[in-house]
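Residue numbers (the working numbering), protein chains in the order written: chain A, 10 to 143; chain B, 10 to 143; chain C, 10 to 143; chain D, 10 to 143.
Below is one structure, written out as structure tokens; the observations come after it.
Number of protein chains: 4
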Amino acid sequence: MSNITLEQARKVIDAGIQKSIALGVKMNITVVDAGTNLVAFNKMDDAWLGSIDIAQKKARTARFFNMDTGVIGQLSQPGASLYNIEHSNGGLITFPGGVVLKDASGTIIGAVGVSGSSVEDDHEVALACASAIA
Amino acid sequence: MSNITLEQARKVIDAGIQKSIALGVKMNITVVDAGTNLVAFNKMDDAWLGSIDIAQKKARTARFFNMDTGVIGQLSQPGASLYNIEHSNGGLITFPGGVVLKDASGTIIGAVGVSGSSVEDDHEVALACASAIA
Amino acid sequence: MSNITLEQARKVIDAGIQKSIALGVKMNITVVDAGTNLVAFNKMDDAWLGSIDIAQKKARTARFFNMDTGVIGQLSQPGASLYNIEHSNGGLITFPGGVVLKDASGTIIGAVGVSGSSVEDDHEVALACASAIA
Amino acid sequence: MSNITLEQARKVIDAGIQKSIALGVKMNITVVDAGTNLVAFNKMDDAWLGSIDIAQKKARTARFFNMDTGVIGQLSQPGASLYNIEHSNGGLITFPGGVVLKDASGTIIGAVGVSGSSVEDDHEVALACASAIA
């Protein structure tokens, strides 16, 4: 298993902070490794306190299923195939803001979770994070 | 970060109890500080036992996102952007009855959560609580 | 089952706060009813954050077994009869600071838990709390 | 209540990483704010996975009681006054490696928790962390 390094995780977070500043938003940003274990976290000043946990759950959710969290959220709606999957794994967050992290060869080495604004902003920052090491 | 004092928290609760008596309802009222830590709680006699926990979750939910809990509940419906956000932070309550508490300068210093009647009554009592120190 | 009223619970807490001021300590004080449900809580300004939960666990522990928490703590030592009872009921606290609350007739109507200083101070404040309604 | 900033938290972590490199150890380092909420975390490459949670519990434990975690551990031994306090607050860690963080004026603005080596090393790194912003 290839795994993200702390050096890479810090690049991921710094890219997310720069993007957040550009968007004028305050984010919580979590990086987990390929085993869903926490590698790095930063809470921007005055970011929502409730987003600390959400950012972590988004990162783990993305790596749990190797999908953008928003994709899982479409499948977890009432009547859809994964309805209420959020009850698993100590609680998932299935709206946008969590994406997997890949190295230059395309291997998944972890995931990032971003929370602190609209889900559109959260997802945009998460993509900026992921592109920092791709 | 400014934080609510116990003296302020007791004024918040007393205002809520007076409003509850005026409405003829029995409430559980929780005050948390700016860091979401519990500062004060009162359960009116014969208020619902299940509302003890709900009042606390409402208060924390309001401060977690600096919004009225009912606003989050609109965003967490099936198909909406924050669907199932309630799985985060050890459990959120996202119907009305939780509001942030601000000091006279407008700084958020905590939040109040009220539970024990209809969500309309809960919210009305929470607003009475908040106005006691604004 | 006779149960403590909010009016009584507030007297209990106010007596504890007065005693704490006299001792020069800052306490978290919890009152639970005869069913171990939370009735009232106050955190004195600058009291330890970690004592919020401990005060609640002390109050419930005292009522769970109708004993001073310190008595249970003697029985839960290594080699003693109730070793590691703290693992039950979502976590007990078994050092001094929790005592049952009785009405004038001697009936147990709830319990109080106090945390924020030495266990000797915690227990002394808890006794002051209990005497306020005995 | 004054609260640590992300800029300060990153200085704290960087100082801890430098000290860890000097000692030849691999640490998990957590910074929480004055309200015990997570601000920043870094896991050095190949640091123990089980220390991710321990570092966080150490940081919170230090702020919960405004003491070095090791001091609490002396008081929580069998027969001592705070025996089994670890059952509170969702689980404490009471051996060395957690210390409060103060600003230049001496105000507590958060805490740091370090885990990944002997408790002596953990504590030494935590002190290096704390001195970065004192």
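Heads up, the beta-carbon is just placed ideally off N, CA and C, and yes, glycines get one too.
Model, not experiment: these values are computed from the prediction.
In terms of DSSP beta bridges, what is residue i paired with?
{"i": "G111(B)", "result": "The question names Gly, but residue 111(B) in the sequence shown is Lys. For K111(B), which the question treats as bridged, DSSP gives the partners I117(B)."}
{"i": "C22(D)", "result": "Cys is not the amino acid found at residue 22(D); the sequence shown has Ile there. In DSSP, I22(D) forms no bridge with anything."}
{"i": "D42(A)", "result": "G119(A)"}
{"i": "S124(B)", "result": "N37(B)"}
{"i": "L47(B)", "result": "V41(B)"}
{"i": "K52(D)", "result": "N37(D)"}
Check the C-beta distance from residue i over to residue j and give it rounded, since I have them as a contact under 8 Å.
{"i": "M36(B)", "j": "A49(B)", "result": "In fact, because the Cβ distance is near 14 Å, the residues do not count as touching under 8 Å."}
{"i": "A143(C)", "j": "K111(C)", "result": "6 Å"}
{"i": "L91(C)", "j": "V108(C)", "result": "Between V108(C) and L91(C) the Cβ distance is about 18 Å, and since that is not below 8 Å, they are no contact."}
{"i": "F73(D)", "j": "G59(C)", "result": "3 Å"}
Using 7 Å as the threshold, is the C-beta distance between residue i and residue j below it?
{"i": "N12(A)", "j": "A43(A)", "result": "yes"}
{"i": "S124(A)", "j": "A71(A)", "result": "no"}
{"i": "H132(C)", "j": "G106(C)", "result": "yes"}
{"i": "T103(C)", "j": "T78(C)", "result": "yes"}
{"i": "I38(C)", "j": "I22(C)", "result": "yes"}
{"i": "V134(C)", "j": "G25(C)", "result": "yes"}
{"i": "L32(D)", "j": "V41(D)", "result": "no"}
{"i": "S97(D)", "j": "K52(C)", "result": "no"}
{"i": "V34(C)", "j": "S126(C)", "result": "yes"}
{"i": "T6(B)", "j": "D54(C)", "result": "Nothing about residue 6(B) can be read from this structure; chain B reaches only from 10 to 143."}
{"i": "Q86(C)", "j": "P87(D)", "result": "yes"}
Put residue i into one of helix, strand or coil per three-state DSSP.
{"i": "I94(C)", "result": "helix"}
{"i": "T78(B)", "result": "helix"}
{"i": "L101(D)", "result": "coil"}
{"i": "S11(B)", "result": "coil"}
{"i": "Q83(C)", "result": "helix"}
{"i": "A64(C)", "result": "helix"}
{"i": "G59(A)", "result": "helix"}
{"i": "A143(A)", "result": "coil"}
{"i": "A4(C)", "result": "Because chain C is modelled from 10 through 143, residue 4(C) falls outside the range shown and cannot be assessed."}
{"i": "A135(D)", "result": "helix"}
{"i": "A71(D)", "result": "helix"}
Which chain F residues are close to residue i, counting only those with a beta carbon under 9 Å from its beta carbon?
{"i": "K52(C)", "result": "No chain F is present in this structure, whose protein chains are A, B, C and D."}
The region 119-131 of chain A / the region 11-29 of chain A touching (three or more Cβ pairs under 8 Å): A contact exists between the region 119-131 of chain A and the region 11-29 of chain A.
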